[in-house]
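**Student:** In this text, residue positions in the sequence shown follow my numbering: the first is 2, and each later residue adds one.
Ideal Cβ placement from N, Cα and C applies to all residues, glycine included.
All figures in this text were calculated on a predicted structure; none of them were measured in a lab.
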Amino acid sequence: MLLWGWLGLAGAQELAPSPAALDADAERQRIGQERAAQEAIFLQAEGVCYSRFAVSDCLREARKVRRLALDDLRHQELVLNDLERKTRALAALKRIEAKLADQPQAPKPALSPETPR
């Protein structure tokens with residue numbers, strides 16, 4: 002899948018959108034288009050069902066097909082969200098590490114034995 006390549010691109014910090022962000026947008030758009038197509042297919046199947054004698058069974062089957070298709074799209078969306086979250090977390094960690102590396106190291110105080118109280 003295209004989604005697995007994101008983790009390698011997570012460290013890229015650019016002013017322009019990264020290729021991973023563009024892939025995410027394209028993937029979200031594809032999922033949205035597929036979801037709309039599945040809804041259109043369901044509406045068409047629903048219309049066919051109402052012209053049949055056994056409307057309930059036909060509608061039940063049409064809803065089942067739609068639910069399975071939408072569940073798959075939802076799963077893809079969840080994977081995409083998870084990868085985006087991991088990408089953002091990795092970028093945040095790299096920013097923190099870079100900030101810590103840029104700070105001068107304070108001299109560590111000499112360890113002195115503790116005095117009993």
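#1: Below 8 Å CB to CB, which residues in the same chain sit around arginine 68 once its five sequence neighbours on both sides are set aside?
#2: Rounded to whole angstroms, what is the Cα-Cα separation between glycine 48 and arginine 31?
#3: Is the beta carbon of alanine 70 less than 8 Å from the beta carbon of glutamine 39?
#4: Between which two residues does the alpha helix (DSSP H) carrying alanine 99 extend?
#5: Please list, in chain order, all residues of the same chain as aspartate 73 whose beta carbon is under 7 Å from its beta carbon, the five residues on each side excluded.
#6: Are glutamate 85 and alanine 25 closer than 8 Å when you measure CB to CB?
#7: Does the ligand HEM have even one heavy atom less than 7 Å from the beta-carbon of valine 66?
**Tutor:** This is what the structure gives:
#1: Locating residue 68 in the sequence shown gives position 67, counting from the first residue. Once the five neighbours on either side are set aside, arginine 68 has no close Cβ partner at all.
#2: Position 47 of the sequence shown, counting from 1, holds the residue named residue 48. Position 30 of the sequence shown, counting from 1, holds the residue named residue 31. So the alpha carbons of these two residues sit roughly 26 Å apart.
#3: Within the sequence shown, residue 70 is the residue found at index 69, counting from 1. Within the sequence shown, residue 39 is the residue found at index 38, counting from 1. Cβ distance < 8 Å, so alanine 70 and glutamine 39 count as in contact.
#4: Translated into positions along the sequence shown, residue 99 becomes position 98. Counting along the chain, the alpha helix (DSSP H) containing alanine 99 begins and ends at 56-103.
#5: Taking the first residue of the sequence shown as position 1, residue 73 is located at position 72. The answer is none, since no qualifying residue turns up.
#6: Start at 1 with the first residue of the sequence shown, and residue 85 comes out as number 84. Start at 1 with the first residue of the sequence shown, and residue 25 comes out as number 24. Closer than 8 Å, so yes.
#7: Among the components modelled here there is no ligand, and therefore nothing to report on the ligand HEM.
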